[in-house]
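Numbering (the numbering used here), first residue to last: 9 to 290.
Set out below in structure tokens:
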């Protein structure tokens with residue numbers, strides 16, 4: 009490829025595709041006259057590609073140049089190539105994580121395939137300027153897809169759709185990226201930065217976003233001091249230290265550090281689960 013294959017180029021191409029696609033999404037002959045709004049993710053890409061037959065009608069009706077569609081095709085093609093190259097680089101990470109599920113008697117090829125889907129989802133929403141390494145950003149997504157794959161194949165009794173929806177919502181929250189601040193000017197607390205769409209044009213969703221972050225911060229602040237400190241040290245640095253290293257800094261044994269972290273994460277998960285089920289039951 010003529011240009012360097014990088015995350016910066018991937019994000020740039022993605023933005024260009026959505027800017028070009030936005031023209032078509034606003035045309036009044038799409039989806040029975042509805043004004044469509046799509047986030048920067050795979051759904052919009054699939055949509056743009058699937059409505060190809062309508063594009064030329066729209067161009068004729070609104071006087072748009074066919075060159076616009078050609079540019080969209082060209083940009084999409086380059087984006088897909090860059091995306092595939094970067095995805096191939098991180099397949100070893102997917103395979104490594106999939107191997108940890110071998111004890112579930114799950115077909116390894118199925119696990120790798122599902123893990124790859126999670127990694128691609130991460131690629132489609134990754135923002136370079138956030139300063140988070142891609143492997144750290146992708147791990148929760150890969151973990152989510154692997155867990156769902158194992159869960160799906162291990163359940164004999166069908167789960168009701170309503171309960172399955174709640175469970176998926178819980179998975180989404182639990183796999184959201186936690187960015188733990190570790191600067192000298194801050195208290196030893198950390199801020200939860202959820203991977204939630206930036207919906208500034210939608211006040212209700214933006215408010216819900218802020219409320220969720222506020223709720224998670226409250227959950228963390230309600231933990232005891234040892235729990236907060238262990239979580240901060242484990243998740244608040246680019247290179248995660250081992251439990252043994254964390255224990256040395258806190259004056260704990262490795263086993264005690266492990267138990268503190270496990271208890272803290274379980275407490276957070278229970279609070280999140282309680283909030284989801286309480287709201288869903290309304």
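Note that the Cβ used here is the ideal one computed from N, Cα and C, for glycine as well.
Please report how far the alpha carbon of residue 125 lies from the alpha carbon of residue 92, in whole angstroms.
Distance between the alpha carbons of residue 125 and residue 92 is about 12 Å.
If you draw a straight line from the C-alpha of residue 15 to the C-alpha of residue 94, how long is it?
Whole-angstrom Cα-Cα distance: 8 Å.
Our contact map puts residue 154 next to residue 105 with C-beta atoms below 8 Å; I'd like the distance itself, whole angstroms only.
That belief holds up - the Cβ atoms of residue 154 and residue 105 are roughly 6 Å apart, short of 8 Å.
Helix, strand or coil: which one does DSSP assign to residue 109?
In the structure shown, residue 109 sits in coil (DSSP, three-state: anything other than H, G, I, E or B).
Would you decide whether residue 240 is buried or exposed? Buried here means 16 or more other CB atoms lie within 10 Å of its CB.
Counting Cβ neighbours within 10 Å, residue 240 comes out buried, since at least 16 surround it.
Beta-carbon separation of residue 261 and residue 231 under 8 Å?
Result no, Cβ atoms of residue 261 and residue 231 do not sit closer than 8 Å.
The alpha helix (DSSP H) with residue 255 in it runs from where to where?
Where residue 255 is concerned, the enclosing alpha helix (DSSP H) stretches over 251 to 258.
Looking at residue 238 and residue 268, is the spacing between their C-beta atoms short of 8 Å?
Yes, the pair counts as a contact, with Cβ atoms nearer than the cut-off.
Nearest CA to the CA of residue 147: which residue from 85, 236, 243 and 222?
Out of 85, 236, 243 and 222, 243 has the C-alpha closest to the C-alpha of residue 147.
Applying the criterion that 16 or more other CB atoms from any shown protein chain within 10 Å of the CB defines a buried residue, is residue 107 buried or exposed?
Residue 107 comes out exposed.
To the nearest angstrom, how far is it from the Cα of residue 272 to the Cα of residue 233?
The alpha-carbon atoms of residue 272 and residue 233 are separated by roughly 11 Å.
Between residue 210 and residue 253, what straight-line distance do the alpha-carbon atoms span, to the nearest angstrom?
Note that residue 210 scores 48 on pLDDT, short of 50, meaning its location in the model is unreliable and no value can be drawn from it.
Could you check if residue 130 is buried or exposed, using at least 16 other CB atoms within 10 Å of its CB as the buried criterion?
Buried, by the Cβ-count rule.
In three-state DSSP terms, what is residue 140?
Three-state DSSP puts residue 140 in coil, outside helix and strand.
Can you give the Cα-Cα distance for residue 149 and residue 257, rounded to whole angstroms?
Their backbone Cα atoms lie some 30 Å apart in a straight line.
Which residue wins for smallest C-alpha separation from residue 83, given the options 21, 156 and 236?
With distances taken between Cα atoms, residue 83 lies closest to 21.
Using a 10 Å radius around the Cβ and a threshold of 16 neighbouring Cβ atoms, would you call residue 166 buried or exposed?
Here residue 166 scores only 45 on pLDDT, less than 50, and its place in the model should not be relied on; the value that follows carries that caveat. Residue 166 comes out exposed.
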